[in-house]
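For reference, the structure is listed below as structure tokens.
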Amino acid sequence: MAGKMTSDPLYIALTFDAELDVFDSSFRGGESLSLRGIEEGIPIIDGILAQHRDSSGARACATWCVRCDDHIQALTGEHAYLLKHYRDCWQHHLDAGDEIGFHPHLYKQTENGWVQETDAGALTSQIHRAHAAMEGAGFKSHVSRIGEAFSSNAVMQTLDDLGII
């Protein structure tokens, strides 16, 4: 029946990737590191989230998928650079009820640049390195989004072994 209202709940998952601004060349100059999406974008998102409530009246919560991987280590010197450098931001979000997600991009460096890793052993090693760096920075996550939506049996098994859903 058209126009009929329903009381069925609508579940919405709000997830945001916190990473380098490489998706849009206007955000970066050549190969320079740009983090405007984190520094300028997150406060804007916070303002929007503050205006919305869930069914219990609480602030709408989100999962912040923060990059932590070999590529970030190559660019900054630390796998967990974004977690450490913006620690106050992530702690603020945890305190507000948000979640920090494990978000590695599983690349390998070649003579032609960074490309998707596909070797099962290398994938497992990368995930373990990145996960250890995340925990070493003081963050524990039970959820993950792998960069570029890449997956394989080795990736899923490794995440499962680490207790990540």
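Heads up: take any position in the sequence shown, counting from 1, add 12, and you land on my numbering. We put the CB at the ideal spot given by N, CA and C, even for glycine.
Alpha carbon of residue i to alpha carbon of residue j, nearest angstrom
| i | j | result |
| --- | --- | --- |
| W76 | S163 | 20 Å |
| A70 | P55 | 19 Å |
| F28 | K16 | 33 Å |
| S46 | A166 | 32 Å |
| G109 | W102 | 11 Å |
| D107 | F151 | 13 Å |
| Q169 | I177 | 10 Å |
| N124 | D172 | 32 Å |
| G42 | T88 | At G42, the pLDDT of 48 sits below 50, so the modelled position is not reliable; the number obtained from the coordinates is stated separately. Straight-line Cα distance between these residues: approximately 16 Å. |
| I24 | R65 | 12 Å |
| K120 | A161 | 16 Å |
| A146 | D20 | Reading off the sequence shown, one finds Met at residue 146, where the question assumed Ala. Spanning the two alpha carbons is a distance of roughly 38 Å. |
| S156 | H117 | 11 Å |
| I50 | L22 | 28 Å |
| W126 | G53 | 26 Å |
Rounded Cβ spacing between residue i and residue j (contact assumed at less than 8 Å)
| i | j | result |
| --- | --- | --- |
| L94 | C73 | That belief does not hold up - the Cβ atoms of L94 and C73 are roughly 20 Å apart, past 8 Å. |
| S68 | I112 | Not really, about 22 Å apart at Cβ, beyond 8 Å. |
| H115 | G148 | Actually they do not touch by this definition, with Cβ atoms about 16 Å apart. |
| Q138 | D82 | 6 Å |
Option nearest residue i by Cα separation, candidates the options
| i | options | result |
| --- | --- | --- |
| D33 | I84, R157, I60 and L61 | I84 |
| R48 | V155, E31, G125 and L106 | E31 |
| V78 | N124, E52 and A142 | A142 |
| H10 | Y119, D66, D58 and E123 | Residue coverage of the chain in this structure runs from 13 to 177, which leaves residue 10 outside it and unanswerable. |
| H235 | D20, L106, I24 and A144 | No information on residue 235 is available, as it lies outside the stretch 13 to 177 that the chain covers here. |
| L26 | L61, S19 and D20 | L61 |
| H140 | A161, W126, G175 and E51 | G175 |
| T122 | A86, A161 and E52 | A86 |
Interface flag, residue i vs chain D, CB-CB below 9 Å
| i | result |
| --- | --- |
| Q128 | Included in the structure is just one protein chain, with no chain D present. |
Practice prompt. Mind the definition here: the stretch 95 to 112 touches the stretch 128 to 141 only if three or more C-beta pairs lie below 8 Å; say whether that holds.
Written response: no
Practice prompt. Go through the stretch 70 to 113 residue by residue and report every complete run of the alpha helix (DSSP H) that reaches 4 residues or more, in order.
Written response: 82 to 88, 93 to 97 and 99 to 107
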